[in-house]
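Have a look at the structure below, then the notes.
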C-alpha cells in the first residue's frame with residue numbers, strides 16, 4: 283500500500299528514485315516491484331532502447347492498483363480515475379523529474395518540509411489550477427524563511443508560457459488569497475540561470491505595475507537546484 287501511494291504521488295517512478303525516496307536497498311526494492319507487476323497492481327514500461335540511453339524501467343499504477351487505492355484509501359477519486367489514461371513521453375519525463383526534485387529537497391533539507399505533489403493536492407480547492415507541481419510546508423516555522431512554497435517546474439517550457447503561469451498565480455493570489463495567511467512563496471525552476479534572471483526581471487516589472495509587494499518569487503535553474511543551491 284505504501285509503495286502504491288508513492289506511485290500515485292508521482293504518477294511514474296523508477297526503482298532508483300523510489301529507493302532514494304524510501305531510503306531502502308535498490309535490489310530488494312526491485313524484487314518487490316516485480317512482485318507488484320506480476321500481481322498486476324502496477325505496470326512496467328521498458329524496452330531495449332532504455333539500456334542504450336541508460337534509462338531505468340518506469341512503473342505506474344495498473345487498473346488493479348487504481349481499484350485497490352480507490353477502495354482502501356481516501357485519495358482523490360477523480361485523480362485516481364484519470365490515471366487510467368495513457369500519458370505522453372513528455373509527461374512521463376516531467377513526472378520523473380518532479381520525483382527527482384522531491385528527492386533532492388528531502389535530502390538537502392532533511393526533516394524540514396512536508397512535500398506534496400500535484401496529485402495529492404488535486405482535490406483541494408484552495409490551490410490554483412492547474413495545481414503546483416510541488417507544494418512544500420515547513421514542519422516547523424522559520425522566523426527568516428517562508429513557511430510554504432509552490433514549486434513550478436518549467437525547465438522545458440517556453441518563456442511566454444512561464445510568464446503566463448506566473449500571471450495566473452498572481453490572479454489566484456488576488457482573487458482567492460490563501461486561507462492560512464501569507465500566500466506561499468513561488469519557486470520557479472527553469473532551464474538555465476540566464477532564463478531565471480530574465481524571468482525575475484519580468485516579475486519585478488509586473489509587481490511594479492500591479493502594486494503587489496507581498497508575494498515572494500524565487501527562480502533558479504534545474505541544474506543549479508539539483509546541484510545543491512540551497513535557496514529554500
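In my numbering, the protein residues as written are 283 to 514.
Beta carbons: idealized from backbone N, C-alpha and C, even for Gly.
As the structure is a prediction and not an experimental result, all values here were calculated from the model.
Span of the alpha helix (DSSP H), counted from its first residue to its last, around residue i
i: residue 318; result: 308–320
i: residue 479; result: 475–492
i: residue 451; result: 441–457
i: residue 357; result: Premise fails: residue 357 is in no alpha helix (DSSP H) and is neither H nor E.
Where residue i falls, given that 16 or more other Cβ within 10 Å makes a residue buried
i: residue 450; result: exposed
i: residue 458; result: exposed
i: residue 342; result: buried
i: residue 513; result: exposed
i: residue 347; result: buried
i: residue 306; result: exposed
i: residue 373; result: exposed
i: residue 418; result: buried
i: residue 485; result: buried
Own chain residues within Cβ distance below 8 Å of residue i, not counting five before or after
i: residue 339; result: 296, 297, 326, 327, 328 and 332
i: residue 384; result: 292, 303, 397, 399 and 416
i: residue 354; result: 283
i: residue 437; result: 379, 471, 472, 473, 503 and 504
i: residue 441; result: 477, 480 and 481
i: residue 488; result: 448, 449, 452 and 494
i: residue 521; result: Residue 521 lies beyond the residue range present for the chain, which begins at 283 and ends at 514; the question has no answer from this structure.
i: residue 311; result: 297, 300, 301 and 304
i: residue 421; result: 393, 394, 395 and 396
i: residue 365; result: 290, 293, 342, 343 and 348
i: residue 315; result: 285, 297, 300, 324, 326 and 341
Coarse secondary structure for residue i, derived from DSSP in three states
i: residue 384; result: helix
i: residue 325; result: strand
i: residue 293; result: coil
i: residue 409; result: coil
i: residue 342; result: strand
i: residue 347; result: helix
i: residue 402; result: coil
i: residue 426; result: coil
i: residue 375; result: helix
i: residue 513; result: coil
i: residue 298; result: helix
i: residue 508; result: helix
Cβ shell of residue i (< 7 Å), same chain only, five flanking positions each side left out
i: residue 414; result: 400, 432, 433 and 434
i: residue 377; result: 292, 293 and 294
i: residue 479; result: none
i: residue 367; result: none
Own chain, CB closer than 6 Å to residue i, minus 5 neighbours either side, in chain order
i: residue 454; result: 410
i: residue 227; result: This structure leaves residue 227 out entirely; the chain is present only between 283 and 514.
i: residue 461; result: 408
i: residue 386; result: 508
Supposed contact pair residue j and residue i - C-beta distance, whole angstroms, cut 8 Å
i: residue 481; j: residue 472; result: 6 Å
i: residue 299; j: residue 402; result: Actually they do not touch by this definition, with Cβ atoms about 17 Å apart.
i: residue 497; j: residue 465; result: 5 Å
i: residue 490; j: residue 467; result: In fact, because the Cβ distance is near 19 Å, the residues do not count as touching under 8 Å.
Residue i: first and last residue of the uninterrupted beta strand (DSSP E) it sits in
i: residue 417; result: 416–420
i: residue 396; result: 395–399
i: residue 502; result: 499–503
i: residue 433; result: 430–435
i: residue 468; result: 467–472
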